[in-house]
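Only one structure is covered here, and it is reproduced in the block below.
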Amino acid sequence: MISTQSDIAQRVVEAILAQKLKPGERLGEQELADLFGVSRTLVREALMQLQARGFVEVRSRKGWYVVEPSIDEARDAFAARRAVEGGMLRQCEGRPLQSVLKRLKAHIRDERAAVDGADAATRAFVLADFHVCLAESLGHRVLADMLRDLTARTTLVATLYQSTHDARASCADHARIVAALEAGDLAGAEALMLEHIGTVESALGQSIAERADPRERLRATLAPVER
Numbered sequence: 040m041i042s043t044q045s046d047i048a049q050r051v052v053e054a055i056l057a058q059k060l061k062p063g064e065r066l067g068e069q070e071l072a073d074l075f076g077v078s079r080t081l082v083r084e085a086l087m088q089l090q091a092r093g094f095v096e097v098r099s100r101k102g103w104y105v106v107e108p109s110i111d112e113a114r115d116a117f118a119a120r121r122a123v124e125g126g127m128l129r130q131c132e133g134r135p136l137q138s139v140l141k142r143l144k145a146h147i148r149d150e151r152a153a154v155d156g157a158d159a160a161t162r163a164f165v166l167a168d169f170h171v172c173l174a175e176s177l178g179h180r181v182l183a184d185m186l187r188d189l190t191a192r193t194t195l196v197a198t199l200y201q202s203t204h205d206a207r208a209s210c211a212d213h214a215r216i217v218a219a220l221e222a223g224d225l226a227g228a229e230a231l232m233l234e235h236i237g238t239v240e241s242a243l244g245q246s247i248a249e250r251a252d253p254r255e256r257l258r259a260t261l262a263p264v265e266r
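Numbered according to the numbering used here, the sequence shown spans residues 40 to 266.
Right under this line is the structure:
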């Protein structure tokens, strides 16, 4: 039940993680108020909260919109994820991981089921949630909240820049990370995590490269057509 601005904000972030809300999509205050059965004041407070977290922006005389991350913001988000998730795994040394592994294995089963049979939105959400689940399982509540936002940001990036990374490949990457943790290979788990994040980022490479050099893109666009 929606009762606070935080509930509305959480629903918006979940829709981003599920790739149901697209970069540049308009979020009308009255439409959201009608949808959630709350006042426009509550909706506006939620949107202001999301604006502070970097998910929406207000355009003069046009209203609220989901942000369209710039190339620099995209790179920053992936760099932040590498720092947070790599550091989190390094700190596992000497910690009992039985309950962590049990929860992560259950999550991998959910991922495989989603990849095999769920709709695209559920599949996207479950795969993105692995990283939040890892932080929560390790007892890092602050990092879990941070990773939820960072993962949502990179999801927006992937949507905007047309990621080619395959859902089945993401699930396999997650399974290898969990297997390394189970084997006690923390350095290996960290390396696999960094490789996984790098692979997701590199799947955006061609589209980012095209946007990064508009002159080169224009030159290619206006090149003579081969006959």
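Ideal Cβ placement from N, Cα and C applies to all residues, glycine included.
Next on the checklist: Taking DSSP's pairing of strands, which residues face V97 in a bridge?
Outcome noted: W103
Next on the checklist: List, from N- to C-terminal side, the alpha helix (DSSP H) runs of 4 residues or more that fit wholly inside the stretch 105–180.
Outcome noted: 110–129, 137–156 and 159–176
Checklist entry - Name the DSSP bridge partner or partners of R92? => result In DSSP, R92 forms no bridge with anything.
Next on the checklist: If distances are taken between C-alpha atoms only, which option among E240, A214 and I55 comes closest to R142?
Outcome noted: A214
Next on the checklist: Between which two residues does the alpha helix (DSSP H) holding D46 run?
Outcome noted: Q44 to L56
Next on the checklist: In whole angstroms, give me the CA-to-CA distance for L199 and Q137.
Outcome noted: 38 Å
Checklist entry - Near V139, what residues of its chain come up, given a Cβ to Cβ distance below 7 Å and the 5 sequence neighbours on each side ignored? => result S176 and L177
Next on the checklist: Taking a contact to mean a Cβ-Cβ separation below 8 Å, would you say L275 touches I41 in this structure?
Outcome noted: The structure shown has nothing for residue 275, since the chain only spans 40 to 266.
Item to check | Minimum C-alpha distance to L89 - residue among L189, P135, G126 and A167 | outcome: L189
Checklist entry - Would DSSP call L243 helix, strand or coil? => result coil
Checklist entry - Which whole-angstrom value is the C-beta distance of H106 and V95, which I expect to be below 8 Å? => result As written in the sequence, residue 106 is Val, which differs from the His given in the question. Right, their Cβ atoms sit about 6 Å apart.
Checklist entry - When burial is assigned at 16 or more other CB atoms within 10 Å of the CB, is Q282 buried or exposed? => result Coverage of the chain is limited to positions 40 through 266, which leaves residue 282 absent and any answer about it impossible.
Checklist entry - Are P135 and P62 touching if we call contact CB-CB under 8 Å? => result no
Checklist entry - Considering only residues of the same chain and omitting the five flanking positions on each side of A183, which have a CB-CB separation below 8 Å? => result V171, A174 and E175
Checklist entry - Who are the Cβ neighbours of E124 in its own chain at under 6 Å, not counting the five residues just before and after it? => result M232
Checklist entry - My guess is that R65 and G102 are in contact by the Cβ rule of under 8 Å, so how many angstroms apart are they, rounded? => result 6 Å
Item to check | 7 Å CB neighbourhood of V154 in its chain, flanking five on each side removed | outcome: R162, A206, R207 and C210
Checklist entry - When we look at the beta-carbon of R267 and count the other beta-carbons within 10 Å, is it buried (16 or more) or exposed? => result Outside the shown range of the chain (40 to 266) lies residue 267, about which nothing can therefore be said.
Checklist entry - Taking the C-alpha atoms as reference points, what is the distance between L166 and D212? => result 11 Å
Next on the checklist: Against chain C, does T161 count as a neighbour if the rule is that its beta carbon must be under 8 Å from one of theirs?
Outcome noted: No chain C appears in the structure shown, which is made up of a single protein chain.
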